[in-house]
Each structure stands twice: as C-alpha cells, then as structure tokens.
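Enquirer: Numbering (full-length UniProt numbering), first residue to last: 1 to 336.
Even for Gly, the Cβ is constructed at its ideal location relative to N, Cα and C.
After the structure tokens below, expect a handful of questions from me.
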Amino acid sequence: MTNLLHSEAEMPVALNQPLSVLTRRPPRSEAYTNGSSSSNGVGDYRSNGHSRILENRESPSRNPWQPFLIGVAGGTASGKTSVCHKIMCKLGQDCLPHPERRVVTISSDSFYRVLTEDERQRARLGEFNFDHPDALDFQLILDTMNALLDSQVARIPVYDFVTHTRLPNEYIHVYPADVILFEGILVFYFPELRNLFKLKLFVDMDADTRLARRVIRDLKERGRELNSTIHQYTLFVKPAFEEFCQPTKKYADVIIPRGAENDVAINLIVQHIKEHLLPMASENGSPRRSMQDDSNQPLTNGVHKMGENGLNGHDEAERLTNGLARAERSTNGRYA
C-alpha cells in the first residue's frame with residue numbers, strides 16, 4: 001500500500017492502512033475502584049492499591065471487542081498530551097466522569113522502569129538518560145496494552161518525577177474503552193507495540209519551541225534547576241530524539257505540524273475517527289449510549305472496516321490529504 005508521507009513543511013499525512021472493526025463493547029460494570037481522579041490526563045481512577053479491581057469485563061455471553069488503539073508520538077514537549085486532550089474534548093469525553101469515558105489517554109511516562117539506587121542518584125544529578133528506550137519498562141507497556149485489548153482492566157504504576165521512583169501501593173486503574181490514545185516519545189520505537197496501533201500520529205514541533213517548553217515544564221512541574229535541565233537536554237534529550245524518536249516519524253499515518261495549535265489537522269483527524277464509528281446493536285435490544293462531539297452531534301461507538309465502502313488505504317490517504325489542502329487554501333496558506 002502506498003505510503004503518502006509528507007515532509008515537515010507539508011500537510012499532515014492521512015491513513016495508509018485499513019482500520020479494524022471495533023466490535024460491540026460490553027456494558028460497564030458498577031465495580032469501579034474508589035479513589036481520586038487522575039491528575040496526569042489518564043482517563044481512569046487512582047486508588048491506593050487496596051480497592052477492588054475488576055480483572056475482566058467479558059462474559060461468555062458477550063461478543064468479544066477490542067478498543068481502537070491510537071499511538072501518538074513526537075519529541076519531548078512537542079504537544080502530544082495537548083493533542084490527546086484536544087481530541088478527547090472534540091469527542092465530548094473530557095467533561096464526563098472517568099468511569100463513563102469511551103476515550104482514554106495513557107502516557108508512556110507512567111512506565112519508566114524501577115531504577116537502582118545508583119541510577120536514582122544519577123537521575124538526581126541529571127546524569128540518567130530517561131529518553132533512551134532502556135529507561136522504559138517495555139514489557140509492562142506491552143502487557144498493559146494487551147490487557148486492554150483483551151477487555152481487562154489495566155493497573156498502571158504512578159511515577160514520581162521528583163523522586164524518580166514509582167509511588168508505593170498507588171496505581172492508575174484504566175478500564176477498557178472504545179478508543180485508547182497512548183502517547184510518548186518512543187511509542188513507535190518498539191515494533192511489537194507499534195504493530196498494535198490502528199492509527200499512528202506524529203506530533204511535529206520545531207526544536208526551539210520544544211526546548212523552551214521542556215525548560216518551563218521541568219522547572220515548574222518536576223523541581224529541576226535550569227542548568228540541570230539544559231545539561232540533560234544537551235547530553236541526553238536531543239541526541240536521543242535524533243537517534244530513537246525522529247526516525248520513527250516514517251511510521252506515522254498522520255503528521256501534525258505545530259501540534260495542538262493545528263486545529264485544521266486535529267479536526268480532520270477527529271472527523272476521520274467519527275466517520276468510521278457506527279451504531280452497534282446492543283445486547284437485549286437496548287440502545288447503546290453514544291459519544292457526543294463538541295457540537296453535540298451523536299458519535300456512536302464502532303469502526304467501519306475500510307474497504308466496505310469501496311475505499312482502500314491509498315484512497316483514504318488522498319481524500320484526507322486533499323481535505324487538508326482545501327483547508328489550508330481557505331486559511332490563506334496557514335493552519336487555523
């Protein structure tokens with residue numbers, strides 16, 4: 001299938017492969033954990049580890065289903081989290097209680113591996129490379145994604161960037177959803193993980209903006225010193241981006257220049273998702289709750305398989321790319 005990747009200066013690319021069918025989602029149980037809602041953008045509940053966890057929502061009488069898994073990659077501070085949040089907002093999911101959300105966001109920042117005492121000391125000095133693939137607990141990432149794809153509740157550790165440790169006995173419980181956005185700098189690096197995504201987005205932002213955002217974030221949110229942040233960026237972040245993250249841009253189905261500021265690209269991505277959602281017959285003939293977009297138009301839960309309407313990956317890519325071109329012309333050559 002033709003890969004219609006564009007250069008950084010051009011429009012974001014459209015899909016280059018078929019989407020899978022998203023089958024009927026089982027109804028949500030009342031057995032949610034009790035705890036405060038997450039503060040890191042994950043659509044879930046946080047608990048102290050002692051609450052009841054529902055391990056599997058699926059019963060023999062229910063049809064199997066799989067979430068629509070979307071990978072969102074990009075350099076540090078490129079706006080990946082903001083893009084995910086904007087997609088959730090446009091799908092009307094940000095204002096819903098966490099257990100009711102049909103779209104959730106998970107960050108790879110939750111999956112940094114447990115460091116040794118020596119590594120923690122180096123991390124405190126800004127001498128540990130958190131942007132290297134070895135810094136992530138890849139097996140835990142893979143187990144988590146497979147659990148969600150298998151209709152199971154996933155338990156994710158809570159990582160403290162100040163102490164560089166996982167908080168003991170504290171976890172994020174993520175319940176199966178119709179759409180799962182998984183974002184991180186290296187989410188396309190691991191082939192086993194990359195192959196799970198039905199849609200791959202790459203958030204593109206210039207290096208100067210990313211550095212400025214990184215400095216502000218590290219100083220305000222992670223208790224870092226300016227010199228340490230610049231040192232870490234120069235020694236680890238920039239080289240790791242060039243070696244491990246930037247090359248994975250070639251795997252993206254859609255490139256989003258200027259990140260969350262690019263409303264035209266995000267709107268068309270959201271529209272693309274919506275166009276492949278269809279009403280699914282609910283169990284026992286009861287109507288299924290639909291998602292709402294930001295214009296209060298019903299957005300039903302399900303995905304058409306590309307090809308059912310005579311479309312293939314190349315046609316779909318050309319159609320969405322042409323839509324972006326028309327949008328650019330209507331905004332005098334710049335994204336709205």
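Could you tell me which of Tyr189, Asp137 and Met88 sits nearest to Ser110, measuring between CA atoms?
Expert: The candidate whose alpha carbon is nearest that of Ser110 is Asp137.
Enquirer: Taking all protein chains shown into account, do 16 or more other C-beta atoms lie within 10 angstroms of the C-beta of Leu69, making it buried, or fewer, making it exposed?
Expert: Buried, by the Cβ-count rule.
Enquirer: Would you report the Cα separation of Arg258 and Phe244, rounded to the nearest angstrom?
Expert: Cα to Cα, Arg258 sits roughly 20 angstroms from Phe244.
Enquirer: If you draw a straight line from the C-alpha of Lys249 to the C-alpha of Asp204, how long is it?
Expert: So the two alpha carbons sit approximately 9 angstroms from each other.
Enquirer: For Ala154, I'd like the list of residues in its chain whose CB is within less than 7 angstroms of its CB, leaving aside the five on either flank, ordered along the chain.
Expert: If we look at Ala154 and ignore the five residues flanking it on each side, its Cβ neighbours are Thr144, Ala147, Leu148 and Val174.
Enquirer: Smallest Cα separation from residue 337: which of Tyr189, Phe161 and Glu117?
Expert: Lying before the first or after the last residue shown, residue 337 is absent from the chain, which here runs from 1 to 336.
Enquirer: In whole angstroms, what separates the C-alpha of Thr116 from that of Gly126?
Expert: Whole-angstrom Cα-Cα distance: 15 angstroms.
Enquirer: Check whether the region 93-106 touches the region 167-183, taking contact to mean three or more Cβ pairs, one atom from each stretch, closer than 8 angstroms.
Expert: Yes: the two stretches touch, three or more of their Cβ pairs being nearer than 8 angstroms.
Enquirer: In the DSSP assignment, find the unbroken alpha helix (DSSP H) run with Arg217 in it and report its ends.
Expert: First-last of the alpha helix (DSSP H) with Arg217: Ala207 to Glu221.
Enquirer: Exposed or buried, what is Asp208 when buried is set at 16 or more other beta-carbons lying within 10 Å of its beta-carbon?
Expert: Its Cβ having fewer than 16 others within 10 Å, Asp208 is exposed.
Enquirer: Please confirm whether Ile266 and Val72 have their CB atoms less than 8 angstroms apart.
Expert: Result no, Cβ atoms of Ile266 and Val72 do not sit closer than 8 angstroms.
Enquirer: Looking at the structure shown, is Gln232 part of a helix, part of a strand, or coil, going by DSSP?
Expert: It is helical.
Enquirer: What would DSSP say about Val162, mapped onto helix, strand or coil?
Expert: Looking at Val162 - three-state DSSP - the assignment turns out to be coil, as it is neither helix nor strand.
Enquirer: Give the DSSP bridge partners of Arg122, in chain order.
Expert: Beta-bridge pairing links Arg122 to no other residue.
Enquirer: Rounded to a whole number of angstroms, what is the C-alpha to C-alpha distance between Leu268 and Ser108?
Expert: Approximately 25 angstroms between the Cα atoms of the pair.
Enquirer: Any heavy atom of the ligand GDP inside 7 angstroms of the beta-carbon of Gln139?
Expert: This structure does not include the ligand GDP; it has no bound ligands of any sort.
Enquirer: Ala252 and Gly79: beta carbons closer than 8 angstroms?
Expert: Going by C-beta atoms, Ala252 is not nearer than 8 angstroms to Gly79.
Enquirer: Which whole-angstrom value describes the C-beta separation of Tyr112 and Ala135, a residue pair presumed to lie in contact below a C-beta threshold of 8 angstroms?
Expert: The Cβ separation is near 6 angstroms, so the contact holds.
Enquirer: Using the DSSP secondary-structure output, state which residues sit across from Ile106 in a beta bridge.
Expert: Beta-bridge pairing links Ile106 to Phe182.
Enquirer: I'd like the span of the alpha helix (DSSP H) that includes Val264, first residue to last.
Expert: That run of the alpha helix (DSSP H) goes Asp263 to Glu275.
Enquirer: Looking at the secondary structure, which residues open and close the beta strand (DSSP E) in which Pro257 lies?
Expert: Looking at the DSSP string, the run of the beta strand (DSSP E) that includes Pro257 is Val254 to Pro257.
Enquirer: Kindly indicate which three-state DSSP category Pro157 falls into: helix, strand or coil?
Expert: Strand.
Enquirer: What does Phe68 pair with, by DSSP beta-bridge criteria?
Expert: Phe68 pairs with Val179.
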